[in-house]
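Enquirer:
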Amino acid sequence: MHFNRYVSFWSRRRGDALAIACNDERISWRELDRASAALAGYLQEQGLQRGDRFGCLLGNGIPWVVAYVASLRLGTIFVPLNSMFGRFELEQIVADAECSAVLSCPAQVSKLGLTDDSAPQERPRVYFLKAGTAPADYADILAAGRAFSDPILPDDDVMAICYTSGTTGVPKGAALTHRAVDAAMQGLVLNFGLRGGEERLLILAPLAFTGGVISNLAVMIVLGAGAFVETTVDPARAYKLLTEEGITYFGGVPALWERIAMAPGFETADLSSLRAAFTGGAPVPKPLLEKFLAKGVTIRQQYGFTEGCAGVSSPDAATAAADPGSCGQPLPGIELEIRNDAGQRTAPGEVGEVHARGLQLMQGYWNKPEATRESFDGEWYRTGDLGHYGEAGDIRIVDRKKNMLISGGVNIYPAEVERALAQIPGVVETLVLGLPSERWGQEVAAIVYGPSITDGSGVLERAR
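Numbered per our numbering, the sequence shown spans residues 404 to 867.
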């Protein structure tokens, strides 16, 4: 389904219900409908049409969400721009996407080579990247309250171009269609048993990341749910929202879950509303998992990637509780297969590269047909992730293929070492990397953060 249909449905069905809360501001679905219509109508007046690219270069906030929804309704292709990027990356991305306009502010738009001394530094404004149209204040656009009639649009249109962070050159833009994102959302709804407008989402991730714009905001739009969007990652405030606002859906990296568990009052806190809890990037250490299980919260280890609309596999609650290393089975919108270097399906326990195909895969890399061809083997997308099958046929991710170290002829996966270090009491975050070695070719080094680790405990010896 094209996502503009969800927006119009929920604005009629749940007009007075919470759509977005950010800091002290809250807007309903009806207010989100009016604001996004006003912005879509303005962009349409200025000549933006279906398929044109509309970017957003702001930090998390209600204007960001309004821009996203307005783009969905107009049929433009939304381009999330990471405000933490510098001028080089942003100029390259905007040029690659050929954005017609962006919602930004004077403090950020200078990274696109534009100068704006006519407004306060943080005031959101629409900037046009072709000469001839002056910037317009976001607040004035909303105050004008333009009418907008939602067109009927096909679901194979591209919804968003989400740029992956590349290690060399310019990041590649994954072109995600409405159909692909909708397939991914149906998988998440089924996986977690989500309950429509009853859900309340907590979003700490930057909205410009795929996890923010797809795994969270798209879920909100499908369900007609309410989302609490945070402008910064503050574990203490996250804990407060989890306990006071009845949050039902929340995901974060293991280190964030660890810091939430360290908040004063955690032992007696009521987290019974949190039914969909998930993480990614590394398994949750068993002691941390048990802290949340004691409070009735099962943190599920998910696997995903931008080209597959974020989450592609997840365990059921029982598997997640018993086996934090498992990423479960593929979601309904995608197939996963682990293959060795000869292209054959691996046996359980044998490490190989994860391949994927299905409805929720990207259309391809924007403006990069050669990179798209190189990333596919027929219908199968080569993820670059290494993993193996568990005994139950579940997926277990080892590391990125490019991260693998070879020391003394032995393949070493930094993520596996990081997982082992994370089991040491007091360790909160780890980073493992390879250093040149005349004897071994490469040797393994680790950077470990853990404020409660004490000398003389044997921790360093165990880490070795």
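Glycine included, each C-beta is placed from N, C-alpha and C at the ideal position.
Helix, strand or coil: how does DSSP classify residue 429 here?
Expert: Residue mapping note: residue 429 aligns to position 26 of the sequence shown, counting from 1. Strand at residue 429.
Enquirer: Quick one: give me the first and last residue of the alpha helix (DSSP H) that residue 623 is part of.
Expert: Reading the sequence shown from its first residue, position 220 is the one you call residue 623. Here the alpha helix (DSSP H) through residue 623 covers 620-626.
Enquirer: By a C-beta neighbour count over all protein chains shown, 10 Å radius and 16 as the cutoff for buried, is residue 799 buried or exposed?
Expert: The residue you call residue 799 lines up with position 396 of the sequence shown. Classification of residue 799: buried, given that the 10 Å Cβ count is 16 or more.
Enquirer: Is the distance from the Cβ of residue 662 to the Cβ of residue 686 below 9 Å?
Expert: Along the sequence shown, read from residue 1 onward, the residue named residue 662 stands at position 259. Along the sequence shown, read from residue 1 onward, the residue named residue 686 stands at position 283. No, the pair does not count as a contact, with Cβ atoms beyond the cut-off.
Enquirer: Residue 611 to residue 483, Cα distance in whole Å?
Expert: Within the sequence shown, the letter at position 208 stands for residue 611. Within the sequence shown, the letter at position 80 stands for residue 483. Cα to Cα, the separation comes out at about 5 Å.
Enquirer: Give the DSSP bridge partners of residue 758, in chain order.
Expert: Sequence index remark: in the sequence shown, residue 758 carries index 355 (1-based). BP columns for residue 758 point to 740 and 785.
Enquirer: Exposed or buried, what is residue 585 when buried is set at 16 or more other beta-carbons lying within 10 Å of its beta-carbon?
Expert: Here residue 585 refers to the residue found at position 182 of the sequence shown. Buried: at least 16 other Cβ atoms inside 10 Å.
Enquirer: Using 8 Å as the cut-off, can you tell me whether the stretch 701-709 makes contact with the stretch 721-735, which would need three or more C-beta pairs spanning the two stretches below that distance?
Expert: In short, these stretches touch, since the Cβ pair count reaches three.
Enquirer: Considering Cα atoms alone, identify which of 804, 454 and 542 is closest to residue 469.
Expert: The residue given as residue 469 occupies position 66 in the sequence shown. The residue with the shortest Cα to Cα distance from residue 469 is 542.
Enquirer: Just the Cα atoms here: how many angstroms apart are residue 792 and residue 674?
Expert: In the sequence shown, counting from the first residue as 1, residue 792 sits at position 389. In the sequence shown, counting from the first residue as 1, residue 674 sits at position 271. Answer to the nearest angstrom: the Cα atoms are 33 Å apart.
Enquirer: Taking the alpha-carbon positions, what's the residue 461 to residue 504 distance?
Expert: Position 58 of the sequence shown, counted from the first residue, corresponds to residue 461. Position 101 of the sequence shown, counted from the first residue, corresponds to residue 504. Residue 461 and residue 504: Cα-Cα distance of roughly 13 Å.
Enquirer: Sort out for me which residues DSSP pairs residue 908 with in a bridge.
Expert: Missing from the structure shown is residue 908; the chain here goes from 404 to 867 and no further.
Enquirer: Among 632, 774, 691 and 600, whose alpha-carbon lies nearest the alpha-carbon of residue 427?
Expert: For the purposes of this step, residue 427 is taken as the residue at position 24 of the sequence shown. When only C-alpha atoms are compared, the closest one is 632.
Enquirer: Less than 6 Å between C-beta atoms, sequence neighbours within five positions excluded: which residues of the same chain meet that for residue 551?
Expert: By 1-based counting over the sequence shown, the position of residue 551 is 148. Same-chain partners within the cutoff: 440, 443 and 444.
Enquirer: Can you list, in chain order, the residues of its chain whose CB lies under 6 Å from that of residue 349, leaving out five sequence neighbours each side?
Expert: Nothing can be reported for residue 349, as the shown portion of the chain is limited to 404 through 867.
Enquirer: Just curious, the beta strand (DSSP E) that residue 839 is in, first and last residue?
Expert: Within the sequence shown, residue 839 is the residue found at index 436, counting from 1. Segment 832-840, the beta strand (DSSP E) holding residue 839.
Enquirer: Going by alpha carbons, who is nearest to residue 829 out of 847, 853 and 848?
Expert: On the sequence shown, position 426 is the one that residue 829 refers to. Of the listed residues, the one whose Cα sits closest to residue 829 is 853.
Enquirer: Tell me whether residue 416 is buried or exposed, calling it buried when 16 or more other Cβ atoms sit within 10 Å of its Cβ.
Expert: To locate residue 416, count along the sequence shown from 1; it is residue 13. It is exposed - the Cβ of residue 416 has fewer than 16 other Cβ atoms within 10 Å.
Enquirer: Can you tell me where the beta strand (DSSP E) with residue 615 in it begins and where it stops?
Expert: Within the sequence shown, residue 615 is the residue found at index 212, counting from 1. No beta strand (DSSP E) contains residue 615, which is instead part of the alpha helix (DSSP H) from 613-616.
Enquirer: What does residue 704 pair with, by DSSP beta-bridge criteria?
Expert: On the sequence shown, residue 704 is found 301 positions in, with the first residue counted as 1. Answer by DSSP bridge pairing, in chain order: 682.
Enquirer: What distance in whole Å lies between the Cβ atoms of residue 625 and residue 588, which are believed to be in contact at a cut-off of 8 Å?
Expert: Mapped onto the sequence shown, residue 588 falls at position 185. Mapped onto the sequence shown, residue 625 falls at position 222. Yes, they are in contact, since the Cβ atoms of residue 588 and residue 625 sit about 5 Å apart, within 8 Å.
Enquirer: Going by DSSP, what residues sit across from residue 791 in a beta bridge?
Expert: Position 388 of the sequence shown holds residue 791. The partner list for residue 791 (beta bridge, DSSP) reads 799.
Enquirer: Which one of 645, 749, 653 and 782 has the shortest CA to CA distance from residue 761?
Expert: Taking the sequence shown and counting its residues from 1, the one referred to as residue 761 is at position 358. The residue with the shortest Cα to Cα distance from residue 761 is 782.
Enquirer: In or out: residue 533 buried (at least 16 other Cβ within 10 Å) or exposed?
Expert: Position 130 of the sequence shown holds residue 533. Classification for residue 533: exposed.
Enquirer: Taking the straight line between their C-alpha atoms, what separation do you get for residue 570 and residue 743?
Expert: For this step, residue 570 is matched to residue 167 along the sequence shown. For this step, residue 743 is matched to residue 340 along the sequence shown. Residue placement at residue 570 cannot be trusted, given a pLDDT of 46 that sits under 50; what the coordinates show is reported in the next sentence. Using only the alpha carbons, I get a separation of about 24 Å.
Enquirer: What span of residues does the beta strand (DSSP E) with residue 716 cover, start to end?
Expert: Residue mapping note: residue 716 aligns to position 313 of the sequence shown, counting from 1. First-last of the beta strand (DSSP E) with residue 716: 713-717.
Enquirer: Name the one or two DSSP bridge partners that residue 580 has.
Expert: By one-based count along the sequence shown, residue 580 stands at place 177. Paired residues: 561.
Enquirer: Less than 9 Å between the beta carbons of residue 736 and residue 712, yes or no?
Expert: Numbered from 1 along the sequence shown, position 333 holds the residue referred to as residue 736. Numbered from 1 along the sequence shown, position 309 holds the residue referred to as residue 712. Contact flag set, yes.
Enquirer: Can you look up residue 697 in the DSSP assignment and give me helix, strand or coil?
Expert: In the sequence shown, counting from the first residue as 1, residue 697 sits at position 294. Three-state result, residue 697: coil.
Enquirer: Could you give the distance in angstroms between the alpha-carbon of residue 609 and the alpha-carbon of residue 410?
Expert: Here residue 609 is taken as the residue at index 206 of the sequence shown, counted from 1. Here residue 410 is taken as the residue at index 7 of the sequence shown, counted from 1. For residue 609 and residue 410, the distance between alpha carbons rounds to 22 Å.
Enquirer: Using three-state DSSP, classify residue 748 as helix, strand or coil.
Expert: Here residue 748 refers to the residue found at position 345 when the sequence shown is read from its first residue. In this structure, residue 748 counts as strand in the three-state DSSP scheme.
Enquirer: Classify residue 648 as helix, strand or coil using the three-state DSSP reduction.
Expert: The sequence position of residue 648 within the sequence shown is 245, counting from 1. If DSSP states are grouped into helix, strand and coil, residue 648 belongs with coil.
Enquirer: Once DSSP output is grouped into helix, strand and coil, what is the label at residue 449?
Expert: What you label residue 449 is simply residue 46 of the sequence shown in a count that begins at 1. Coil at residue 449, not helix or strand.
Enquirer: By Cβ distance below 6 Å, which residues in the same chain neighbour residue 754 in space, the five residues on each side in sequence not counted?
Expert: Counted from its first residue, the sequence shown places residue 754 at position 351. Around residue 754: 789, 791 and 801.
Enquirer: If you draw a straight line from the alpha carbon of residue 404 to that of residue 557, how long is it in whole angstroms?
Expert: Counted from its first residue, the sequence shown places residue 404 at position 1. Counted from its first residue, the sequence shown places residue 557 at position 154. Spanning the two alpha carbons is a distance of roughly 8 Å.
Enquirer: Quick one: Cα of residue 414 to Cα of residue 456, how far?
Expert: Working through the sequence shown from its first residue, we reach residue 414 at position 11. Working through the sequence shown from its first residue, we reach residue 456 at position 53. So the two alpha carbons sit approximately 25 Å from each other.
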